[in-house]
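Those letters in the sequence shown? Residues 1 to 341, by our numbering. For each residue, glycine too, the CB sits at the ideal point set by N, CA and C. Given the structure is predicted, the values throughout are model-derived calculations rather than measurements.
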Amino acid sequence: MPTLSVIVPVYNKEQYIAACIQSILDQTFTDFELILVNDGSKDDSAAICQRFAETDKRVKLINKPNGGVSTARNRGLSEALGEYIGFIDSDDTIDPDMYELLLRNIKTYNADVSVCRLRTIFPNKVVAPQETPGIEKYDREHALSLFLKGELDMSANTKVYKAALAKSVEFAGRMYEDILYLSQIFLKAQNTVLENAIKYNYLVRDNSVSVGQFSPRYFETTAVSASIVNRVQEQAVNCLPEAQAFDVMANISLLNLLLLSGKDAYPEQYNRVTHTLKHYSYFINKDGHVRRKHKYAYRMFTASPWLYTQIMYLYSVLTGAEITKRTQKQPSTIDAATGAQ
């Protein structure tokens with residue numbers, strides 16, 4: 001039985017999958033199985049995976065009909081034999097000592113979850129947190145609070161989990177699937193350990209699910225954030241303000257997408273988002289958990305939706321924000337969408 005099972009869902013990533021696999025096989029920690037779940041790829045991804053499986057006995061290839069990343073990860077979990085579980089996306093890479101670090105910490109401190117940090121690599125820039133020496137240990141509520149504030153990264157991939165814990169929760173959906181999964185993991189985990197060292201390379205591609213053109217699947221984001229609020233209220237009420245602040249952020253993010261895409265095409269969703277934010281009005285303006293930029297965004301939108309949309313669009317274009325890739329709206333289109341004369 002291997003110490004670690006690494007699960008990689010694969011779908012149409014022939015350009016990147018070899019580099020991903022090689023970075024895993026090059027780990028300084030070697031007692032692992034690598035489970036590649038081919039989710040009905042239509043390119044050469046499966047053939048590339050098969051070649052690795054034929055040359056390294058640690059590699060196991062599972063082929064399944066296309067069902068999305070959540071179903072692929074769940075299939076990998078059902079097949080995993082390791083004492084611990086890790087996840088990697090098929091177009092990302094990891095540093096050679098990532099799993100050595102994560103496993104050392106989870107064993108040393110008998111933790112349920114071991115966490116490191118990631119660098120986000122855009123086509124034109126790299127964003128990374130500041131690394132600090134030392135190891136931090138957190139109880140259940142402290143870890144959940146930090147996660148909801150984004151301080152433990154909202155990716156399932158920068159972590160190692162005890163297998164029983166990882167298998168007790170299923171992935172679901174196509175948007176925010178990591179966040180939904182992790183929110184349930186941290187509600188259950190009694191001890192979490194963090195080493196603030198950057199070991200995971202998250203590469204943002206123009207064709208990734210997270211930055212693709214706007215589609216109704218983005219409406220899943222606020223359904224996820226609302227479900228997190230409900231779970232936290234029931235199971236960890238001390239962390240409710242952090243969950244509500246995350247829900248505010250999710251609704252403002254969706255509002256921005258709707259405004260830049262043309263809210264008239266989605267009146268029901270637009271009304272739902274604005275109603276939710278109105279419901280949070282007192283919390284946004286008075287509570288210290290909502291980030292300043294979200295407070296200002298809400299106040300500006302409330303004062304003038306048209307002006308807010310114009311400023312947001314210009315800011316996004318000038319800074320090269322990813323939101324412009326999801327919407328691709330021109331100012332004249334935005335004027336029409338927001339009712340400008």
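Query	Result
Distance, Cα to Cα, D91 vs N66?	17 angstroms
So who's on the other strand from P9, going by DSSP bridges?	V37
Quick one: which unbroken alpha helix (DSSP H) runs of 4-plus residues sit fully inside the segment 262 to 314? Chain order, please.	267 to 279, 281 to 286 and 292 to 303
Would the beta-carbon of L102 fall within 8 angstroms of that of I7?	no
Since N196 and I94 should fall inside the 8 angstroms C-beta cutoff, what is the C-beta to C-beta distance between them, to a whole number of angstroms?	Not a contact, Cβ separation roughly 16 angstroms.
Quickly, what does DSSP pair F32 with across the bridge? List them, please.	L4
Considering Cα atoms alone, identify which of S45, V232 and I252 is closest to T302.	I252
State the DSSP-derived secondary structure class of D335, mapped to helix, strand or coil.	Here D335 scores only 40 on pLDDT, less than 50, and its place in the model should not be relied on; the value that follows carries that caveat. Three-state result, D335: helix.
What is the C-beta distance between S114 and V193, in whole angstroms, given that I count them as a contact (C-beta under 8 angstroms)?	5 angstroms
Give the straight-line distance between the Cα atoms of S316 and Q310, rounded to the nearest whole angstrom.	10 angstroms
Taking the alpha-carbon positions, what's the V59 to Y280 distance?	49 angstroms
Determine the burial state of R217: buried for a count of at least 16 other Cβ atoms within 10 Å of its Cβ, exposed for fewer.	exposed
Under three-state DSSP, which class holds A18?	helix
What is the DSSP secondary structure of Y99, counted as helix, strand or coil?	helix
Excluding the 5 residues preceding and the 5 following D56 in the sequence, name in chain order all residues of the same chain whose CB lies nearer than 7 angstroms to its CB.	L25
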